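Once you know that position 162 of the sequence shown is 193 in the working numbering, the rest is easy, because the numbers rise by one and skip nothing. From the three backbone atoms N, C-alpha and C, an ideal C-beta is built for every residue, glycine too. Treat the numbers as computed from the prediction; the structure is a model and nothing was measured.
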Amino acid sequence: DNRFKKLHLILPINYINLYFTNRQEAKALMAHELCHLKQEDVFLWTLSTIYINSFKKALRLTIIIAIIVDISLVFLFTILTFDFVVTLCLSIGLIPIYIVKYFIWNNVFKTIKNANEEIKLGRIQAEELADIGSIIYSNGRSLLTVYEKYLTDNEDGFHLPKEERINWVKKGLNEKTVWNNSSIVQSP
């Protein structure tokens, strides 16, 4: 039931100041963030991040437990048998099991890494779509000005560097001019 669905709007701390000093820039930034809500980005980002991080933690814990159990079994067997040769054979017998575990765990970690890369790509594309929405809805030049004045390079891996985002918006502005001239899109 969508009546009780929560929406999360993330705005910079200085948004109120921007609103009172330059409404066009505030409108462009708000349009960008509202596009994220329309795309349901926040829900998908949260869900994917929680899923991937939880899975990584669970896998690491499983590996640690498996190693502790294996070492404990060898130690326990050594204490119970007092036979070095039998213990050595048991230890050598565990080598193929460790090789198989290594390949399985390595494959799982590669899958998690690939999933993380797909999530990052999806987040970058979501940012680009929100930029396009803001350009279409508001005065795209205002979004460009906001980015030039306030945007910083974010090291989270989910946003393009400042210069790339500015170039993306400039490209969008050029395409908006083409769209408007062809009467495909009309800005409000």
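1) Provide the residue span of the alpha helix (DSSP H) that contains L174, from first to last.
2) Any idea if G228 is buried or exposed, counting beta-carbon neighbours within 10 angstroms, 16 or more meaning buried?
3) Using alpha carbons as the reference points, say which of K144, I167, Y168, I197 lies closest to E179.
4) Grab the span of the alpha helix (DSSP H) containing H63 for me, first residue to last.
5) Using three-state DSSP, classify P43 as helix, strand or coil.
6) So does the stretch 84–94 actually touch the stretch 139–159, counting three or more Cβ pairs closer than 8 Å?
7) Tell me which same chain residues have a C-beta within less than 7 Å of the C-beta of D101, skipping the five on either side of it?
The short version:
1) 171–181
2) Shown here, the chain extends from 32 to 219; a query on residue 228 therefore has no answer.
3) I197
4) DSSP places H63 inside the alpha helix (DSSP H), whose first and last residues are 54–70.
5) Coil, per DSSP.
6) yes
7) L125
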